[in-house]
Amino acid sequence: MLEMSHLRVVYGSGSDAVEAIGDLTLSVAEGEFVCVVGPSGCGKSTMLRCLAGLMSPTSGEASLDGERIAGPPERMALVFQQYGRSLFPWMTVRANVEIPLRAKGLSAADRTSLVEETVGAVGLADSLDRYPWQLSGGMQQRVAIARALAYQPEVLMMDEPFASVDAQTRADLEDLLLRIWAEFRVTVLFVTHDVDESVYLGDRVAVLSKSPSRVSQEVVVDLPRPRDQLTTKADPLFSDLRTRVLRSIRQEPRSPAPLIER
Amino acid sequence: MKWRGVLADVARFGVFLLLWQLAAMALDSAFLPPLGEVFRAFADSFIFERIWSDVVPSIGRMAAGYALAAAVGVGAGLMIGSNWVVRRTTGPVTEFLRAIPPPALLPFAMLVFGFGLSMKVFVIAIGCVWPILLNTVDGVRGADPMFNEVARVYRLDSRSRLRRVVIPAAAPQIAVGLRASLSIALILMVISEMVASTNGLGYFVLQAQRTFRLDDMWAGILMLGIVGFALNAVFVAGERRVLAWHRGMRAASDASAEPMEAVSA
Amino acid sequence: MIAADRPLARLPGWVLGTAGVAVVLVVFELAARLKLLPARWFPPPSEILRALADEAVTAEFWKTVWATLRGWAMGLGIAALVAIPVGMLIGAIPFLYRQVRVVIEFLRPIPSVALIPVAVLLFGTGFGGKVFLASFAATWPLLFQSMYGVQDVDPVARDTARAYRLGRVRQALFVTLPSAAPYIATGLRVSSAVALILVVTGELVIGSAGVGNAIAVARSGGDVAVAYGYIAVAGLLGLALNTLFKIVERPVLHWHPGQRR
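Protein chains in written order, with our numbering: chain B, -6 to 255; chain X, 1049 to 1313; chain W, 98 to 358.
Structure below.
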């Protein structure tokens, strides 16, 4: 459903040129949960920006259902890492979740029911009329997820969404995301630099190399679902997969000293 | 506790008036009439005889010029702020125009618009437009680029992007410009009435001096002070309502950034 | 990065700005020559330039400009001498601040130009009147900036100074003054603009010699191009003074984060 073929991105020109993405080919099937993991500064965000239609690649192409992505596609939502900046501080939670629905031209009744359903799904029904800055970081990111869900995308892309919340909140948010994924049946492309997170969440983990990045390995995660922070992470298969992903990052020939923040 | 503070301020103000009175008595100069006479002149003139003939027309002119400046300044500022080609092209021209002391444009305005209402409105508007325009440009440019990306990802059309994202994001900075322009509007209203008018507060004050009614002159100055104070108070109250989110957000981020401060304070 | 692929972005920074100025001048020139604008009121820019050039060779012109500049300098100077020490003192001593706050809040909203009649009474229509106006108006921004500057000294810096047992004088010299300097610099820049505005206003309304008066005289004499020329001179003065302050601020305040933007 979501395809990248020979994606290449170069910033600048001439002698200042920086090759952020070398040659990236990856596909995500409908309903699949794919994690992309790689060291910081490996071009993960650049890749997402191309997929979201916020920038165009230097060469190669990204496509959604066979259609080339030129601008932000209608059936796609993106959750940014910086929850504090991606929510509009002048709008209440309700208005923040509702604004994309207005743009879609939904009726007032449809908007209200969607907003209440999705905000309820992330457990913030009580906070509909509060402002984002009155909420904790984890709650703000849940609002951002609710906004993405209310948009009713077929593909949900997430750019290190849990990287700046504390560990406990992060575990809660991971479980929340898995529940939502099962409930709303969306395709998820989840970018992270956390190996454990990628194995815990994904059906498949794509490991990116340092930039200019390419996919150095794909690992299929055949852990049973539903998953659970305690039992899944205690599963010997989990540590197996985790080791495989880690090793593939470390054996990455271009980076003798692995830069994994873990 | 709060009432004691207010009472103390009232007392201090009383001391200030007393000093004025003593100075007036000691100098015994026609230039500094005793307070009683100033207050009597104030009551005679402004309760309520001259409210309609001078105060209201003055405020009306000011409001018209200010509103015009706000509309043009915010409109042009949004356009210039969101387009870098326009911004660079108009840069030097706006730098020069805003550097002209606004009263210097008074003769030009009298030339083109004559001595009537439109002249005063023009002068007030052209003086007020620059702080509003430049602050709007800064507000648009200084807005978090993330807001724009979110708006693009969720495919907001350009109208709702402007109305619901660009303008609110720039609003705190626009308010700074609007506030700076408020006192400029007052100044230009007074000057334009001094130079070319047959009523209004500026005219009243200057005429009082020329005919040596110095108690009236001081009463007029007092009235101008009151008008200035009231306008500012109204503005601040409005800003608090409209930008409540901004104050709340700042308070929230201060509290989380400096938890120690909050405890010790 | 925003527009790296667009050809206009590769031009040096000054090209577009110059083009903007040129377009404005050409449009006005054409509009005036083609009589699209009433010729009585809008002489073509070339004519204004010529009138200004004719003026600029006379000694009278430079005397006029000097009269305005001198009024500005004295107004700002007096304001600085009064407002900076008083403001810093009020800011440093909370007791004093409480005593005078009400009076300051009462005086501040009075528009400075309301005092034009007082200036005439006290100093006549000459040089003194406009200097009084300019210094009165320029006092407020400086006073408030000096007050805030002193009050806003980083408590950590103050505690550090105390911990190293710096004396009162040294604390004032090495901690308070540098912390307040950026505020005072901003106050000076704002007050400079205010002083120029009030000097020109004084010349215009009271009639003391200077650029403001020259504009009014040229207008009433029907010499429209000369009037516009002097308006342009007023703008150039404003631009020059503002640029001057920015240039001076930079090396003095190079350590301040606000300068690095």
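Cβ atoms here follow ideal geometry from the backbone N, Cα and C, with glycine treated the same way. All values derive from a computational prediction rather than experimental measurement.
Close Cβ partners of residue i (< 6 angstroms) along its chain, the five nearest in sequence each way excluded
i       : result
X:S1093 : A1267
B:G36   : A13, I14, S204, S206
X:R1146 : W1178
W:Y245  : Y280
X:R1114 : The question names Arg, but residue 1114 of chain X is Tyr in the sequence shown. Hits under 6 angstroms: C1176, A1233.
X:R1135 : I1128
B:S52   : R1
Helix, strand or coil at residue i according to DSSP, with G and I counted as helix
i       : result
X:A1072 : helix
B:G15   : strand
B:C28   : strand
B:A10   : coil
W:L149  : helix
W:D251  : coil
B:S33   : coil
B:L47   : coil
B:A63   : coil
B:F183  : strand
B:Y76   : helix
B:V3    : strand
B:V21   : strand
X:I1128 : helix
B:T162  : helix
B:M84   : coil
Residue i versus residue j - alpha carbon distance
i       : j       : result
W:V304  : X:V1243 : Checking the sequence, you will find Gly at residue 304 of chain W rather than Val. Each residue's Cα considered, the two are about 11 angstroms apart.
W:K132  : W:L146  : 19 angstroms
W:W111  : B:A114  : 54 angstroms
B:G146  : B:F177  : First, the amino acid is wrong: residue 146 of chain B is Pro here, not Gly. Near 10 angstroms, if we compare the C-alpha coordinates of B:F177 and B:P146.
W:A235  : B:F73   : 48 angstroms
W:G360  : X:L1181 : Only positions 98 to 358 of chain W appear in this structure, which leaves residue 360 of chain W out of reach.
W:P191  : W:A254  : 19 angstroms
B:L19   : B:L117  : 35 angstroms
X:K1168 : W:E144  : 27 angstroms
B:V(-4) : B:S56   : Rather than Val, the amino acid found at residue -4 of chain B in this sequence is Glu. Distance between the alpha carbons of B:E(-4) and B:S56: 5 angstroms.
B:D9    : B:C43   : 21 angstroms
B:I253  : X:E1143 : Residue placement at B:I253 is flagged as unreliable, the pLDDT there being 47, under the threshold of 50; a coordinate-derived value is accordingly withheld.
B:I62   : X:A1152 : 56 angstroms
X:G1225 : X:R1211 : 19 angstroms
X:L1116 : X:W1051 : 41 angstroms
X:A1218 : W:V266  : 43 angstroms
B:V208  : B:L71   : 21 angstroms
X:L1065 : X:M1271 : 16 angstroms
Neighbouring residues, chain W, relative to residue i (Cβ below 7 angstroms)
i       : result
X:A1147 : G332, G335, L336, N339
Chain-ordered chain X contacts of residue i [CB-CB under 7 angstroms]
i      : result
B:Y124 : W1293, G1296
B:S79  : M1194, V1198
W:L218 : F1079, Q1257
B:W174 : Per Cβ cutoff of 7 angstroms: no residues; B:W174 is ~19 angstroms from chain X at best.
B:Y144 : Y1202
W:T298 : P1151, I1239
W:V121 : V1141
7 angstroms Cβ cut-off: residues of chain B touching residue i
i       : result
X:R1212 : I92
Contacts around residue i, its chain only, beta-carbon distance under 7 angstroms, and the 5 residues preceding and following it disregarded
i       : result
X:A1326 : The structure shown does not extend to residue 1326 of chain X, since chain X spans only 1049 to 1313, so no value can be given for it.
X:R1189 : G1129
W:S209  : L230, F233, A234, L295
B:A153  : It should be pointed out that residue 153 of chain B corresponds to Glu in this sequence rather than to Ala. So the list reads Q74, V184, T185, H186, once near-sequence residues are dropped.
One or two residues paired with residue i in a DSSP bridge
i      : result
B:V198 : B:C28, B:V212
B:R207 : B:D16
B:A55  : B:M(-3)
B:A70  : B:L149
Within chain B, partners of residue i - CB distance below 9 angstroms
i       : result
X:S1208 : I92, R95, A96
X:L1204 : I92, P93, R95, A96
X:P1216 : F81, P82, W83, M84
Cβ-based neighbour list, residue i, same chain, cut-off 8 angstroms, excluding 5 preceding and 5 following
i       : result
B:G195  : F26, V27, C28, F183, V214
W:S40   : Any property of residue 40 of chain W remains undetermined from this structure, which presents chain W solely from 98 to 358.
X:I1269 : V1253
B:L169  : V115, G116, R135, I138
Residues that residue i contacts on chain X, provided the C-beta gap is smaller than 9 angstroms
i      : result
W:F203 : F1061, F1064, G1273, F1277
B:F73  : M1194, E1197, V1198, V1201
Residues that residue i contacts on chain W, provided the C-beta gap is smaller than 8 angstroms
i       : result
X:E1143 : L336
X:M1242 : V210, I213, V302
8 angstroms Cβ cut-off: residues of chain B touching residue i
i       : result
X:A1300 : W126, Q127
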